[in-house]
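Taking my numbering, the leading residue of the sequence shown gets 3, the next gets one more, and so forth.
The beta-carbon is built from N, C-alpha and C at its ideal position, and this holds for glycine as well.
Quick notes on the structure that follows.
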Amino acid sequence: MRAILLATLILLALPAQAMQIEAEASFGTGPRHLTVISTTDVAAVEQVLDDFAASHAGITLRYLQAASVEIDAAVRAAEPPADLVISSAMGLQVRLVNDGFARRLALPAPGLPDWAQWRGQLYGVGLEPVIALISRDALGDLPLPATRRELTALLREHPDRFEGRIGSYDPAVSGVGYFLLAQDARKSEGFWRLAEVMGRLNARLYCCSGDMIADLRAGKLALAYNVVASYAARTLADDPQMIRLDFADYTLAIQRTAFVPQNAPDPEGGAMLLEWLLTRPAQAGIVAMSGTPLLADEGPAPPPHLRMIPLDVGLLVDEDRARRASLLAEWSAAMTQP
């Protein structure tokens, strides 16, 4: 039995320093209690966690949804205590593990690629392409841009269609947004030309994919750049005005990663849930959400333009304070073009 309590952007009567919970859900009714903190929307994982609760009758699973930067701070403060931490902000997750906040596990994970686990502590549990969405009305009879270069040209040549109507992550407040900025900057020098054009057109910055998609559907945006594909999939089927763009130059695929904290109240329970998330049945449910398999032979082969980001020590480079300050300064300069 599932009980869901939405509590969007409030503190839930917690102290001022506590993690800001965006949504909360409960799965199962057993005497053993597990707590998960995660960036993933409740709606995106409820079926998978319902299945877990149904197959583990002795457990009640409390699921807390929060922003990636909130989760990072919560793990460091050990408040609230959690048995499993799941986030798509790969750089923040690797840094937490590197700083000693994760337990070392020995999980059987047949089919899990080497690039989807790190040091026996951090494990990929889902693969998420990052795409763009464009309004059919705004595009009109213009050709769909197939690459970022073509998107840059489209925006530059038709500013009247996109002025004040472009959305993207705010990397200063979103851990995922900063991570995607760092990856875009590494993948293509042309990205900064795109960013400058977006800035000249007064792009609007967002905390999360869901808000961008909502404003695109409401007609407030004509383009949403860097949207997590699974969130878009829930609305594309019933909204003919939204067009999905998978750029042929590269399409990033981020991992939703999980670890068991050192101070987990029930580390065995957290490891049990993580191991279950890596099973074929659970992965089938996750693939139904994301459309892209993480385990080998779990689904169709990924397209050639998909660029999986591996879990490795290299992700720490972009979490360096000087590197972060430099990237954010360059982004800010691009967003304030005259």
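Continuous beta strand (DSSP E) stretch holding residue i: start and end
i, result
"residue 131", "124-137"
"residue 92", "Per DSSP, residue 92 belongs to no beta strand (DSSP E); it is in the alpha helix (DSSP H), 92-100."
"residue 164", "Segment 161-164 is the alpha helix (DSSP H) holding residue 164; no beta strand (DSSP E) there."
"residue 246", "244-247"
"residue 144", "Taken as a continuous stretch (DSSP letters only), residue 144 belongs to no beta strand (DSSP E), as it is neither H nor E."
"residue 86", "86-89"
"residue 24", "23-29"
Residue i: first and last residue of the uninterrupted alpha helix (DSSP H) it sits in
i, result
"residue 49", "44-57"
"residue 233", "231-238"
"residue 199", "192-202"
"residue 270", "269-279"
"residue 290", "282-292"
"residue 79", "70-79"
Cα-Cα separation, residue i to residue j
i, j, result
"residue 241", "residue 290", "19 Å"
"residue 23", "residue 71", "12 Å"
"residue 227", "residue 134", "5 Å"
"residue 1", "residue 95", "Lying outside 3 to 340, the shown extent of the chain, residue 1 is not represented and no answer is given."
"residue 243", "residue 112", "41 Å"
"residue 18", "residue 317", "Here residue 18 scores only 40 on pLDDT, less than 50, and its place in the model is too uncertain to base an answer on."
"residue 80", "residue 157", "45 Å"
"residue 232", "residue 292", "5 Å"
"residue 306", "residue 253", "9 Å"
"residue 21", "residue 152", "41 Å"
"residue 327", "residue 283", "42 Å"
"residue 191", "residue 272", "41 Å"
"residue 303", "residue 168", "32 Å"
"residue 144", "residue 29", "47 Å"
"residue 337", "residue 123", "37 Å"
"residue 131", "residue 311", "10 Å"
"residue 268", "residue 60", "14 Å"
"residue 325", "residue 212", "28 Å"
"residue 270", "residue 246", "41 Å"
"residue 323", "residue 329", "10 Å"
"residue 248", "residue 225", "13 Å"
"residue 170", "residue 33", "43 Å"
"residue 262", "residue 98", "11 Å"
"residue 78", "residue 285", "29 Å"
"residue 13", "residue 117", "Because residue 13 sits at a pLDDT of 36, beneath the cut-off of 50, its placement in the model cannot be relied upon, and the following sentence gives the value as read from the coordinates. Taking the straight line joining both Cα atoms gives about 36 Å."
"residue 7", "residue 47", "For residue 7, the predicted model reports a pLDDT of 39, less than 50, meaning its position is unreliable and no value from the coordinates is stated."
"residue 220", "residue 180", "26 Å"
"residue 274", "residue 206", "41 Å"
"residue 160", "residue 287", "41 Å"
Under 8 Å between C-beta atoms of residue i and residue j
i, j, result
"residue 109", "residue 276", "yes"
"residue 255", "residue 86", "no"
"residue 104", "residue 264", "yes"
"residue 126", "residue 258", "yes"
"residue 38", "residue 84", "yes"
"residue 172", "residue 209", "yes"
"residue 54", "residue 194", "no"
"residue 120", "residue 313", "yes"
"residue 88", "residue 234", "no"
"residue 214", "residue 199", "no"
"residue 69", "residue 41", "yes"
"residue 320", "residue 93", "yes"
"residue 1", "residue 26", "Past the edges of the chain, shown from 3 to 340, lies residue 1, and the structure says nothing about it."
"residue 82", "residue 91", "no"
"residue 106", "residue 251", "no"
"residue 202", "residue 339", "yes"
"residue 114", "residue 280", "yes"
"residue 154", "residue 182", "no"
Sheet register partners of residue i (DSSP bridge)
i, result
"residue 170", "207 and 227"
"residue 331", "None, per the DSSP bridge assignment."
"residue 154", "DSSP, once it has assigned bridges, lists no residue as partnering residue 154."
"residue 308", "253"
"residue 36", "63"
"residue 178", "According to DSSP, residue 178 bridges with nothing at all."
"residue 263", "104"
"residue 117", "For residue 117, which the question treats as bridged, DSSP gives no partner whatsoever."
"residue 188", "Beta-bridge pairing links residue 188 to no other residue."
"residue 258", "128"
Residue i at chain B interface by Cβ criterion, 8 Å
i, result
"residue 310", "Of the chains in the structure shown, none is chain B; there is only one protein chain."
Exercise for review: Check whether the stretch 129-140 touches the stretch 326-336, taking contact to mean three or more Cβ pairs, one atom from each stretch, closer than 8 Å.
Suggested key: no
Point to revise | Any 3 or more C-beta pairs closer than 8 Å across the stretch 236-256 and the stretch 157-165 | key: no
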